[in-house]
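Enquirer: To start, I am sharing the structure in question, which I have written as structure tokens.
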Amino acid sequence: MLMPMPLPPSAPIVTARGVTKAYGATSVLRDVEFDMSNGVTGLLGSNGAGKTTLIGLMLGLHRRDGGTLSVLGFDPEGDGSALRQRIGYSPEHHLLPPDVQAMDLVRHLTQLHGIEHLAATERASDALWQVGLGEERFRPIGTMSTGQRQRVKLASAFAHDPDLMILDEPTDGLDPMQRDDMLDLIGRIAGDFGIDVILTSHLLDEVERVCDHVVILGEGRVTRSTTLSDLVSVDDRLDVELHGDASAVGTMLHSVGFEVAVDGVRLAIGRGTASPEISLLDAVRDAIVASSASLYRLEAQRRTLTDVYLELG
Amino acid sequence: MTSLPPPPPPPPQGGPAGSPGLAKGDTMIEAKAATKWFGDLVAVSDVSFRIGAGVTALLGPNGAGKSTMLRMLSGQARPSRGEIHIVGGDPRTDPDVRRRIGIVPQQEAVFEALTALEFVTLSARLSELDDPTSAAIKALEIVELDTGDKRRLPTYSKGMRQRVKIAQCIVHEPDVVLLDEPLTGLDPRQRLAMVELFHTLGNDGMCVLISSHVLEEVERFGSNVLVIAKGRLAAQGDFHAIRALMSDRPLRVLVKAESARALAAALVANEAVLGVRLEDSATISVEAADGGAFGLAIAALAQQVGATLIEVRPLDDDLESVFKYLVNR
Amino acid sequence: MTDARIHDTGYRKFEGERRPVWWAILDLAKHGVQRVLGLKRKGKHKLLPFAIIVAAFLPAIVIVGLAVMNPFDDLSDRGPQFNDVSDVGPQLGEYFGFISLLVVLFVSFVSPEALCTDRRTGMLGLYLASPLTRDTYLLGRFAGLFAVIAFIASGPQLLILAATGFEGSGPDNVLGYLSEFARIVAAGFLVALLLTTVGMAISSLTARNGIASALIVITLMTLAAVTGALIEGGGVADEFAVFNVVGLAESVGRRIFGEPPHSDVGTEVLATPLVIFAALAWSTAAITFCRFRYQRIDVRQ
Amino acid sequence: MRLTRPRPPIKELYRLLWRMQITRGRLIGLGVLGSITILIALLGRGADDVNDAALGAVAGYGLGVVAAISAVWVATSTLGNLVEDGLLVYLWTKPTDRWLIPIAALAASLSVLAMVVLVPVSIAAAVTEVDGLVTATIAAVTLSLAAYSSLFVALGLAFRRALWWGLAYILIWENVIARVGSGTARFSILSYGQSIIARAADTEPRTGLRSSAASWIVPIVVTVAGMVFATRRLDRAEID
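Residue numbers (the numbering used here), protein chains in the order written: chain C, 294 to 606; chain Y, 14 to 342; chain B, 30 to 330; chain W, 46 to 285.
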């Protein structure tokens, strides 16, 4: 049987060069190029941007029309079966057979990935404990909540010890507490388990929390592929919020030449024409003290992933 | 976690205002001790509230009773005990009340045999509008869908279907709009557009109640919330005000400053401060008993010790913290 | 932030060797058997399949019971017709015809349970994301269905064979037993092949179990009724009987056992090679159709 | 608020449910099932007892198998699919009177069934060349379809697996138990339609001959009862 060559740590997990895919006359992916490296990668893009098709290509479920694609050193089209043995996949839908016990489902899928029965039993049980369903593992999936189902899907995606996990919307339908747990778990899988992760999500906050890299798709092309820290940067403008009206502080800062926008209790402050010798931070502090205002919040404006995403159009 | 929550966007212009037809502050949805049980399972227990025009977010963990509450409000489910009044009547039986409600159910399914225009026209016709077609065209234009699209609904993407569902909900210009998880599956841009639309509806005098568990979006809905936890109403009102009421919990603030050690020492001496902890050479975490007093003290103390304040950030004031506090109580 | 950390003690890498794909196919087959029989699930899922299996085995069990109690010693003086077990029950080659309706019901239950369920519950998407492909998936599902259908189509006969041996009224020597055994297995194999593939082809049409079940029953029953009516009164060529799938399955058994064709089936006029060829042709067509459908099914991912 | 209420939207409901019913696969499948009646009727012309053969084709196969099975298939799904997919809410929460929904479902089922059942079975009746059989067949099939459809529209609202239950009812009750004796046959919808056809063909069906009045009244009563039951069910239902 085919064993993948162990990859050197720096080698990209996924390399795409000029990948194209069309269904009939509809072009879904056009000349897609990117490298995904170790860690957690967020695959972003609007609905219909081609994420699902790209995941399908990476799993070797469709034929591409052109270009080269390498996943874990395999060509998904030629070695799909051997490649999929090393991939853990969690689909977007929450369906799953309702009358089957979580344990049976996870063990079955683990066995299908080439692990013999006893080891599969052990690993399935382990995986369900890891996702916090240890006590629940003999319950039929139909009796489980959305959050529990998401965790069953996650468990079945890593129980066979894959090299790469592809998680499609792993937090969809979860409430804030469940989402926190899930993101922690994904972080742990990438960090402690050493499994690389590709995930899609519409919630950019959480992508920002958990991902090291992002690949953004727009209308079938890669519009951005970079590390998250390069994408999200800190601005030199300040956001300030007071307990009470902010206009006095605003006027004071404006008079020294800073560019100030006041909105009720909030201020957005830029350098404006103020002399470079004056420290913006100190000027703000002093203005607050001078006008006896109560400071609630002060921080540098950040460009969040949401900003970047929306800018990309 | 080290990342920052996004700054809450500015509140919508004007905020919840009354419509020409309804006096401002009129109660449009009222639950009186509403209780719903299925066998031994109590889904909603003794919930009472009133809401008027504007956007209100219905929050709660999965399984806490949000959908059951919405189904009672729309008349789909009958309260086991208590009463529901929508614009003064019973939504299950009174056709005049039903005419004034629009709903977006949670399920994704739509009539696959129809086009978008046909679906929305049907909804208009069933609401007994005089000119259903032009009402449907108008509603589709509001959600920015192509009114001349001849394709049937199965070809529509998730986001487009969601907008069709919203169009059929508002086509008859209802007074009360009930939306169950309307943002699920939408991408960030689509969600932003939807949130804007909800605000427009709220500003036009509709009473818009939206259930959601995506708090980063809810913050954009504005600050009016209903929180349901374990089947009971945990909180209602403006979430900043709710936070202020949670006086049994001290305020935690993260302060980053140059000369942090000196600032920390000064803070320890201040009576508004309960505890100080130096996280690293530039970061202090502070527990304050009184947010206002601490806010007055921090800038002054920093000035005194000559510390430049780089960042002052309350840790628990976002909706997520309020939410977690309320539902874990 | 503090540098405190909770170490994870649970996760272990898998160091063992991974098995090649044909193990996955076997696993899928085994899982398929469990699925359609309702094993590892609540009692209500077992009710229908086991009720049909029991009903199909019932005549054989009665025969075995008679063999054990051996009442024929007392009856043999009443006439030659009561000599041994084989005179009270159906002949081995006729047995399938005896239970064919039950087997059709069984097929109409198990094939959708194996195929449609995977499409409706999204399992198909998970299978295709495993080392399986569409073809190996179908192979695994086929193997599981074939096993249970072959079991119900030939199990009772094997039981009777064993019982006649016990009673002493069976074949005279070991060779005779082996030949009867081979006939039962061969007939069971062909019948199961035919019904499994046709059941799978019809199940590939829809994702709803109920509709697929109804379609299988209606199709098989209608084919039988229509070919019968056409040949009896319509003057259509007798070879038209090859379109009667259930009739073909019944004939297969009789032909292999070399028994005179039964009179009320409609397929009695066909030559034995044609019966076997027709059965194989149906299977090939059904497999081809099923593969064709599955290449085109939109998998939910 | 409103002085005049506009025309009830029965036509729109009907069109919606009708369009949901006419999928290509279903029309072809049921059409083939129905057309076989014509084939059997043709074959029956060569039989020894032409009238008995005509009864077998039209009342036995056409009514007993085609009409019954097609009605189960179509009628259980008109509202059953709406319930299953969670679409009923779009009709149920509207101000429209709720009795319109089952009525529209019945009308939609009947118009689909007219295409795939009434037409081929009536042609089959014509093919037999038995005097007066066509009129009797049209009457019998229409009445039976109405009764079956009404019953199964209601069943589709009440049970998740209505198709299963409906088929079980047709196969086990109408076609086996009801034929055992004239007592049980009185509770078979089939026997009333078959009586109308048998009267015209001047023969007696296996389920026994019902009186002329009963043959007409009973199916109508069943139809009305099905609609009343469905409406009550809708009014009391809790909708997803």
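No residue lacks a Cβ here, since even glycine has one placed at the ideal position from N, Cα and C.
Can you pull the chain C neighbours of residue 258 of chain Y, defined as C-beta to C-beta under 9 Å?
Expert: Contacts between residue 258 of chain Y and chain C, judged by CB atoms closer than 9 Å, are missing: the closest CB pair is about 16 Å apart.
Enquirer: Looking only at its own chain, which residues have a Cβ that is under 6 Å from the Cβ of residue 175 of chain B, when we skip the five neighbours before and after it?
Expert: 221, 225
Enquirer: Apart from the five residues on each side of it in sequence, which residues of its chain come closer than 7 Å, Cβ to Cβ, to residue 417 of chain C?
Expert: 396, 399, 400, 403, 452
Enquirer: Any residues in the region 190-221 of chain W with a beta carbon nearer than 8 Å to a beta carbon of chain B? Which ones, in chain order?
Expert: Residues of the region 190-221 of chain W whose Cβ lies closer than 8 Å to any Cβ of chain B, in chain order: 206, 208, 209, 212.
Enquirer: Whole angstroms are fine: how far does the CA of residue 589 of chain C sit from the CA of residue 522 of chain C?
Expert: 27 Å
Enquirer: What's the call for residue 410 of chain C, buried or exposed, on a 16-neighbour Cβ count within 10 Å?
Expert: exposed
Enquirer: Would a C-beta distance cut-off of 8 Å place residue 260 of chain B and residue 215 of chain B closer than the cut-off?
Expert: Contact flag unset, no.
Enquirer: Can you check whether the C-beta of residue 329 of chain Y is within less than 8 Å of a C-beta belonging to chain C?
Expert: Not an interface residue.
Enquirer: Taking the straight line between their C-alpha atoms, what separation do you get for residue 137 of chain B and residue 242 of chain B?
Expert: 5 Å
Enquirer: With DSSP as the reference, label residue 209 of chain Y as helix, strand or coil.
Expert: In the three-state scheme derived from DSSP, where H, G and I count as helix and E and B as strand, residue 209 of chain Y is classed as helix.
Enquirer: Is there a C-beta anywhere in chain B that falls below 8 Å from the one on residue 432 of chain C?
Expert: Not closer than 8 Å to any Cβ of chain B, the Cβ of residue 432 of chain C fails to qualify, so no.
Enquirer: Identify, in the order they occur along the chain, each residue of the same chain with its Cβ nearer than 7 Å to the Cβ of residue 555 of chain C, setting aside the five sequence neighbours on each side.
Expert: 539, 540, 543
Enquirer: Smallest Cα separation from residue 288 of chain Y: which of Y:307, Y:294, Y:272?
Expert: Y:307
Enquirer: What is the DSSP secondary structure of residue 97 of chain Y, counted as helix, strand or coil?
Expert: strand
Enquirer: Have a look at the DSSP bridge pairing and note the partners of residue 160 of chain Y.
Expert: None, per the DSSP bridge assignment.
Enquirer: How is residue 249 of chain Y classed by DSSP in three states: helix, strand or coil?
Expert: strand
Enquirer: Where do the ends of the alpha helix (DSSP H) carrying residue 379 of chain Y lie?
Expert: With chain Y covering only 14 through 342, there is no way to say anything about residue 379 of chain Y.
Enquirer: Per the DSSP calculation, residue 47 of chain Y is bridged to which residue(s)?
Expert: Y:60
Enquirer: Please name the residues in the region 47-80 of chain B whose beta-carbon is closer than 8 Å to at least one beta-carbon of chain C, in chain order.
Expert: 47, 48, 49, 50, 52, 53, 56, 57, 60, 69, 70, 71, 74
Enquirer: Quick check: the Cα distance between residue 112 of chain W and residue 85 of chain W, rounded to an integer number of angstroms?
Expert: 15 Å
Enquirer: Note down the Cα distance separating residue 323 of chain B from residue 166 of chain B, rounded to an integer number of angstroms.
Expert: 10 Å
Enquirer: Of all Cβ atoms in chain A, is any one closer than 8 Å to the Cβ of residue 134 of chain W?
Expert: Chain labels in this structure do not include chain A; the protein chains are C, Y, B and W.
Enquirer: I need the straight-line Cα distance from residue 220 of chain W to residue 51 of chain B, nearest angstrom please.
Expert: 47 Å
Enquirer: Between B:140, B:159, B:213, B:67, which lies nearest to residue 124 of chain B when the distance is taken from Cα to Cα?
Expert: B:213
Enquirer: Residues bridged to residue 314 of chain C by DSSP?
Expert: C:322
Enquirer: With the cut-off set at 8 Å, would you say residue 391 of chain C and residue 461 of chain C are in Cβ contact?
Expert: no
Enquirer: Using a Cβ-Cβ cutoff of less than 8 Å, which residues in the same chain neighbour residue 271 of chain Y once the five nearest sequence positions on both sides are dropped?
Expert: Here residue 271 of chain Y has 295, 320, 321, 323 as same chain residues with Cβ atoms under 8 Å from its own Cβ, once five neighbours each way along the sequence are excluded.
Enquirer: Shortest alpha-carbon distance to residue 549 of chain C belongs to which of C:529, C:537, C:573?
Expert: C:573
Enquirer: State the DSSP-derived secondary structure class of residue 119 of chain W, mapped to helix, strand or coil.
Expert: Residue 119 of chain W falls in the helix class under three-state DSSP.
Enquirer: Using DSSP with H/G/I as helix, E/B as strand and the rest coil, what is residue 129 of chain B?
Expert: helix
Enquirer: Distance, Cα to Cα, residue 87 of chain W vs residue 173 of chain W?
Expert: 7 Å
Enquirer: The region 83-94 of chain W: which residues have C-beta closer than 8 Å to a C-beta of chain B, in chain order?
Expert: 84, 85, 87, 88, 89, 91, 92
Enquirer: Would you give the residue range spanned by the alpha helix (DSSP H) that residue 269 of chain Y belongs to?
Expert: Residue 269 of chain Y -> not in any alpha helix (DSSP H); beta strand (DSSP E) instead, spanning 264-270.
Enquirer: Residue 180 of chain B by DSSP, collapsed to three states: which one?
Expert: helix
Enquirer: I'd like to know if residue 240 of chain B contacts chain W, where contact means its C-beta is closer than 8 Å to some C-beta of that chain.
Expert: yes
Enquirer: What do you get for residue 406 of chain C, buried or exposed, if any count of 16 or more other CB atoms within 10 angstroms of its CB means buried?
Expert: buried
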